[in-house]
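There are 2 protein chains.
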Amino acid sequence: MSKNLVIASTSTVYGSGYLEYLLPTLQAHFRSVKEIVFIPYARPGGISYDRYTAIAQKAFNAININAKGIHEFSNPTEAIAKADGLFTGGGNTFELVNQLYKKELMPILRDALFNGLPYLGTSAGSNICGLTMQTSNDMPIVYPPSFKTLGALPFNINPHYQDPIEGDTHMGETRETRINEFHNFSTIPVIGLREGSWLDVSDKTITLQGGLNARVFEKGIEPYEIQSGATLHF
Amino acid sequence: MSKNLVIASTSTVYGSGYLEYLLPTLQAHFRSVKEIVFIPYARPGGISYDRYTAIAQKAFNAININAKGIHEFSNPTEAIAKADGLFTGGGNTFELVNQLYKKELMPILRDALFNGLPYLGTSAGSNICGLTMQTSNDMPIVYPPSFKTLGALPFNINPHYQDPIEGDTHMGETRETRINEFHNFSTIPVIGLREGSWLDVSDKTITLQGGLNARVFEKGIEPYEIQSGATLHF
Numbered sequence: 001m002s003k004n005l006v007i008a009s010t011s012t013v014y015g016s017g018y019l020e021y022l023l024p025t026l027q028a029h030f031r032s033v034k035e036i037v038f039i040p041y042a043r044p045g046g047i048s049y050d051r052y053t054a055i056a057q058k059a060f061n062a063i064n065i066n067a068k069g070i071h072e073f074s075n076p077t078e079a080i081a082k083a084d085g086l087f088t089g090g091g092n093t094f095e096l097v098n099q100l101y102k103k104e105l106m107p108i109l110r111d112a113l114f115n116g117l118p119y120l121g122t123s124a125g126s127n128i129c130g131l132t133m134q135t136s137n138d139m140p141i142v143y144p145p146s147f148k149t150l151g152a153l154p155f156n157i158n159p160h161y162q163d164p165i166e167g168d169t170h171m172g173e174t175r176e177t178r179i180n181e182f183h184n185f186s187t188i189p190v191i192g193l194r195e196g197s198w199l200d201v202s203d204k205t206i207t208l209q210g211g212l213n214a215r216v217f218e219k220g221i222e223p224y225e226i227q228s229g230a231t232l233h234f
Numbered sequence: 235m236s237k238n239l240v241i242a243s244t245s246t247v248y249g250s251g252y253l254e255y256l257l258p259t260l261q262a263h264f265r266s267v268k269e270i271v272f273i274p275y276a277r278p279g280g281i282s283y284d285r286y287t288a289i290a291q292k293a294f295n296a297i298n299i300n301a302k303g304i305h306e307f308s309n310p311t312e313a314i315a316k317a318d319g320l321f322t323g324g325g326n327t328f329e330l331v332n333q334l335y336k337k338e339l340m341p342i343l344r345d346a347l348f349n350g351l352p353y354l355g356t357s358a359g360s361n362i363c364g365l366t367m368q369t370s371n372d373m374p375i376v377y378p379p380s381f382k383t384l385g386a387l388p389f390n391i392n393p394h395y396q397d398p399i400e401g402d403t404h405m406g407e408t409r410e411t412r413i414n415e416f417h418n419f420s421t422i423p424v425i426g427l428r429e430g431s432w433l434d435v436s437d438k439t440i441t442l443q444g445g446l447n448a449r450v451f452e453k454g455i456e457p458y459e460i461q462s463g464a465t466l467h468f
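Protein chains in written order, with the numbering used here: chain A, 1 to 234; chain B, 235 to 468.
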């Protein structure tokens, strides 16, 4: 029972290719893995599972790892049970969670993560590692049976975290306002992960990686920053 | 059976007070009304019903109309049934819809809107007039029993509509990408209402008002703009 997760804010940072900034990390993370199983259910922009898998494949091929879409297996539960590594890509968290429930994959996925399977999540694929998907930024385009997620982290993720833009004239809520609203209903801490940041989860140790700080929201106290390299205690 | 609705993108435009830009419109819209019932359930930033109602009250007092919070009535169903006018304020659409279902107010609210009661919605209060809340921008901080809303409009609203920002380096989805994702699952048209725009619904005629264009998203065709003053046909 020791977790082994890379939980990233985004697959892609500005001006760079898909997963490019993460490749050295992934090379180490998946060091003994020849093939990973890719979960494309979040379908960013509504692209097909095949097209999305091809994008993941291309990135993983650059570090000599094959990626096979979970939809290519006749039995997705078995695909997860037998996988040497897993990657859940970003897109729409509501649809991702909906498919995981519909296909009854939540329990096996949870087992895999808690049993040390090397896992990569980006954006929606990171959201599902938290306790609930209630701090997703996505549009509720489908109605999943529940907002509960895998609970592989003792908090929730807010990926693509954005600071308030100084001088912004838009009146929609800032990210911080939205997370504060969440804390009217929940005591679950939230980690705002900026693009280019990721969490490294090795057994019980959770470390912030990448060049940027992350912003931590706990109910009832002022949000605060933690620096890259810091260990998270919850 | 004739509707009488003002459905606004936002309560507040940049640099102006709460509802200020809408006051001349509201004066005409609620011309024979002495008191409106205010629905504060969306609780922007998690403020209390009392505090939120005081804000609405102050704005309506400027046009000599009283505003009473629905939570001040012992029976909210009766409050809606007997109201001369209604205003649902913005905030979190998930919590607003959740409360409307929990308090079993959806049917009576729907009846009121379909029977010609003068209604104002802003942001979340506009979202609920569409067929579903699936094109809300809000964070899913609570799990409502359904995403179905009042269906007083034959389409969905996306309030606070934002155009892609040129040169933006943030990799989170644009509003247009999110609405296109919705159309992988639904044929419901979506009206992207920019801040400062509103829809005037008089009987069966829906007109775009305010200084700006709105953006229309229909499944399978390129999004297009409609001009202020245009009538919407769906």
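No residue lacks a Cβ here, since even glycine has one placed at the ideal position from N, Cα and C.
For residue i, write down the residues that DSSP places opposite it in a beta bridge.
i                     : result
residue 209 (chain A) : A:198
residue 46 (chain A)  : According to DSSP, residue 46 (chain A) bridges with nothing at all.
residue 458 (chain B) : B:450
residue 426 (chain B) : B:392 and B:449
residue 465 (chain B) : B:441
Out of curiosity, what's the CA-to-CA distance linking residue i and residue j?
i                     : j                     : result
residue 403 (chain B) : residue 315 (chain B) : 50 Å
residue 26 (chain A)  : residue 213 (chain A) : 21 Å
residue 178 (chain A) : residue 372 (chain B) : 8 Å
residue 246 (chain B) : residue 430 (chain B) : 8 Å
residue 100 (chain A) : residue 344 (chain B) : 34 Å
residue 21 (chain A)  : residue 304 (chain B) : 52 Å
residue 129 (chain A) : residue 150 (chain A) : 5 Å
residue 417 (chain B) : residue 410 (chain B) : 11 Å
residue 399 (chain B) : residue 163 (chain A) : 16 Å
residue 215 (chain A) : residue 193 (chain A) : 7 Å
residue 181 (chain A) : residue 332 (chain B) : 14 Å
residue 55 (chain A)  : residue 18 (chain A)  : 8 Å
residue 61 (chain A)  : residue 118 (chain A) : 17 Å
residue 92 (chain A)  : residue 115 (chain A) : 26 Å
residue 292 (chain B) : residue 299 (chain B) : 9 Å
residue 45 (chain A)  : residue 324 (chain B) : 28 Å
residue 241 (chain B) : residue 143 (chain A) : 24 Å
residue 211 (chain A) : residue 24 (chain A)  : 14 Å
residue 340 (chain B) : residue 361 (chain B) : 13 Å
residue 95 (chain A)  : residue 268 (chain B) : 46 Å
residue 147 (chain A) : residue 381 (chain B) : 13 Å
residue 406 (chain B) : residue 160 (chain A) : 6 Å
residue 307 (chain B) : residue 271 (chain B) : 10 Å
residue 282 (chain B) : residue 317 (chain B) : 22 Å
Decide if residue i is buried, meaning its Cβ has at least 16 other Cβ atoms within 10 Å, or exposed.
i                     : result
residue 237 (chain B) : buried
residue 32 (chain A)  : exposed
residue 15 (chain A)  : exposed
residue 134 (chain A) : buried
residue 439 (chain B) : exposed
residue 459 (chain B) : exposed
residue 434 (chain B) : buried
residue 231 (chain A) : exposed
residue 262 (chain B) : exposed
residue 123 (chain A) : buried
residue 40 (chain A)  : buried
residue 156 (chain A) : buried
residue 463 (chain B) : exposed
residue 30 (chain A)  : buried
residue 222 (chain A) : exposed
residue 277 (chain B) : buried
residue 366 (chain B) : buried
residue 158 (chain A) : buried
residue 234 (chain A) : exposed
residue 140 (chain A) : buried
* Taking only runs of the beta strand (DSSP E) that begin and end inside the region 316-398 of chain B, which ones reach a length of at least 3 residues, in chain order? -> 320-322, 353-356 and 390-392
Positions along the region 170-183 of chain A whose CB lies within less than 9 Å of some CB in chain B: 170, 171, 172, 173, 175, 177, 178, 179, 180, 181, 182 and 183
| Of all the residues that make up the region 266-280 of chain B, which are near chain A by a beta-carbon distance shorter than 8 Å? | 277, 278, 279 and 280
Problem - Near-chain A residues of the region 418-448 of chain B (beta-carbon distance less than 8 Å), N- to C-terminal order - result: 418, 419, 420 and 429
- Select from the region 129-142 of chain A all residues with a C-beta closer than 8 Å to any C-beta belonging to chain B, and list them in chain order. 133, 134, 135, 136, 137, 138, 139, 140, 141 and 142
- Query: Using Cβ-Cβ distances below 7 Å, what residues of the region 83-117 of chain A are close to chain B?
  - Reply: 92
*asked:* Using a Cβ-Cβ cutoff of 9 Å, what residues of the region 63-83 of chain A are near chain B? List them in chain order.
replied: none
At 4 residues or longer, and completely inside the region 238-307 of chain B: list those alpha helix (DSSP H) runs for me, N to C.
-> 257-263 and 283-295
Short-range partners of chain B found in the region 14-34 of chain A, where Cβ spacing is below 8 Å | 14 and 15
Interface residues of the region 147-173 of chain A facing chain B [CB-CB below 7 Å]:
147, 160, 162, 169, 170, 171 and 172
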